[in-house]
Structure formats: structure tokens, C-alpha cells
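Student: In the working numbering, the protein residues as written are 1439 to 1666.
Cβ coordinates follow ideal geometry from the N, Cα and C atoms, glycine included.
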């Protein structure tokens, strides 16, 4: 496989653009998305039963991985150490901050979007096939979910990146959740999923920057806690 550009520390967003150019040379009609990401998340509870943040593990597809690791084996031993991968984790969390880490947490009857703090505890794993980016997004203010739904969406508004929750154990609860709390993943309806497969690159080229088209195809994690 031949890649465009020079090797180095590349962010997810840089590689999205690169993949469009590289694959566009193969097929001008290639449709979105260009990067596929499997999401596993944990809803983090504090000792007072309040939700304090979201912990993510994003596993990227093999094409993205192959481009991202180019040039990172700095000592040439064929092994990508934690130290060699950490700069890649850093450049990704830095670049994604502008896009709110594609993570949107809403709470209460009005569905208000909650502000998130910068990520902590970020790192990247490489299993010789795919990369997995780990990071935690603390909520600016912890929230009490008792009696109110907490909705967590992970999506790219432009749909360059397709985020999908893992088939097994996609979302868990971590920490001290109150009895009666649970989390479920809501899938888009079958008609919407079918529609996503028919959209062409020409369709996306006509959309404005505020289209938020990716929200139509997003899966949603919903946290519900029974009122004590």
C-alpha cells in the first residue's frame, strides 16, 4: 500500500484530509466516511453518585493506523513503545479539542449540552494492527442523574469519521453509580442506516460547515437512574 505525504506525528484530522487525497486518486466517487472508529466508553461516577466524566477508548481502522504509525518507530527496533506513541496521543488530543472531541453530553428536560474540561489520562495502544486512543473527558460540573436522562453522543458532524459503539460492552459505568442506574445504546433506525450507505461524495461537497449531517447517523448512549 502506498501512502501520500511524509511520515511523522499526525493527528486524526490531518490524516482524514490525507486519506481523502490519497483515496481520491483511486476513486473520485468514493463516499464518506473516510475513517472508521469503534468506540468503547465508560460513564465515570464519583463517590457521591454524580457523573464526573466520560472515559473513551477509540479504536481506529487499519488504513488510518498504517498512516499514523509511519515514522514513529524512532529507534528502529520494530516495536512501538509507549514513549514513541505518546506524541501521537498528544497531537490527537490537541487537534480534536477544537471539535469538542466529537463528544456531546446532554442533560435534563431541556437537553442542554454540558461543557467538558480538557482531556486527562490520554495514551495510545498499538496491537500491530490497529491503534486505540484512550482519554477521559471530565465534566466541568458533575451532574446528578437521578430522575433525569443523560444523553451521550459521539459523532463527527461532517461524517468524515464514522464513530460506532462496539458490538460487545459498548458503554459501561465506572466508579460509584447509585443503585438503579443503567446505560443503553440507541441505534439509528434502519432507514437512516440504509440512507447513509447511499450518500455520495458529491452530496457531502454541497453541504455547508454547519450541516451537522453526522448527527443523523450517530448512535446514542443513554444513562438512566431511578429516582430514590
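Provide the residue(s) that pair with residue 1611 in DSSP beta bridges, ordered along the chain.
Tutor: Answer by DSSP bridge pairing, in chain order: 1481.
Student: By DSSP, does residue 1577 sit in helix, in strand, or in coil?
Tutor: Strand at residue 1577.
Student: Using a Cβ-Cβ cut-off of 8 Å (strictly less than) and excluding sequence neighbours within five positions of residue 1524, which residues of its own chain qualify?
Tutor: 1561, 1562
Student: Leaving aside the five residues before and after residue 1600 along the sequence, list all residues of the same chain whose C-beta is less than 6 Å from its C-beta, in chain order.
Tutor: 1471, 1474
Student: Buried or exposed: where does residue 1532 fall if 16 or more other Cβ atoms within 10 Å of its Cβ makes it buried?
Tutor: exposed
Student: Between 1585, 1500, 1492, which lies nearest to residue 1618 when the distance is taken from Cα to Cα?
Tutor: 1585
Student: Extract the residue ranges of the alpha helix (DSSP H) inside the region 1493-1564, only unbroken runs of 4 or more that lie entirely within it.
Tutor: 1500-1506, 1520-1534
Student: Count the other C-beta atoms from every protein chain shown that fall within 10 angstroms of the C-beta of residue 1457, then say buried if there are 16 or more, exposed otherwise.
Tutor: Here residue 1457 scores only 47 on pLDDT, less than 50, and its place in the model should not be relied on; the value that follows carries that caveat. When all chains shown are included, residue 1457 counts as buried.
Student: One question on the structure: do residue 1541 and residue 1495 come within less than 7 Å of each other, judged by their Cβ atoms?
Tutor: no
Student: For residue 1598, which of helix, strand or coil comes out of DSSP?
Tutor: coil
Student: Can you give me the Cβ contacts of residue 1491 inside the same chain, cut-off strictly under 6 Å, excluding the 5 residues immediately before and after it?
Tutor: 1482, 1574, 1575, 1576, 1577
Student: I'd like to check one pair, residue 1623 with residue 1593: are the Cβ atoms closer than 7 Å?
Tutor: The beta carbons of residue 1593 and residue 1623 sit no closer together than 7 Å.
Student: Could you tell me the distance, in whole angstroms, from the CA atom of residue 1440 to the CA atom of residue 1507?
Tutor: Only weak support is given to the placement of residue 1440: the predicted model assigns it a pLDDT of 33, under 50, and the question is left unresolved by the model.
Student: Less than 6 Å between C-beta atoms, sequence neighbours within five positions excluded: which residues of the same chain meet that for residue 1665?
Tutor: 1584, 1585
Student: Do you know whose CA, among 1550, 1485, 1528, 1501, lies nearest residue 1668's CA?
Tutor: No answer is possible for residue 1668: it lies beyond the span of the chain, which begins at 1439 and ends at 1666.
Student: How far does the beta strand (DSSP E) with residue 1592 in it reach, from first residue to last?
Tutor: 1588-1592
Student: Going straight from the alpha carbon of residue 1545 to that of residue 1522, what length do you get?
Tutor: 38 Å
Student: Out of curiosity, what's the CA-to-CA distance linking residue 1613 and residue 1557?
Tutor: In this structure, the alpha-carbon of residue 1613 lies about 18 Å from that of residue 1557.
Student: Taking just the CA atoms, how far does residue 1608 sit from residue 1477?
Tutor: The alpha-carbon atoms of residue 1477 and residue 1608 are separated by roughly 7 Å.
Student: Give me the Cβ distance between residue 1658 and residue 1589, rounded to the nearest whole Å; I'm assuming they're in contact under 8 Å.
Tutor: Confirmed, Cβ separation roughly 6 Å.
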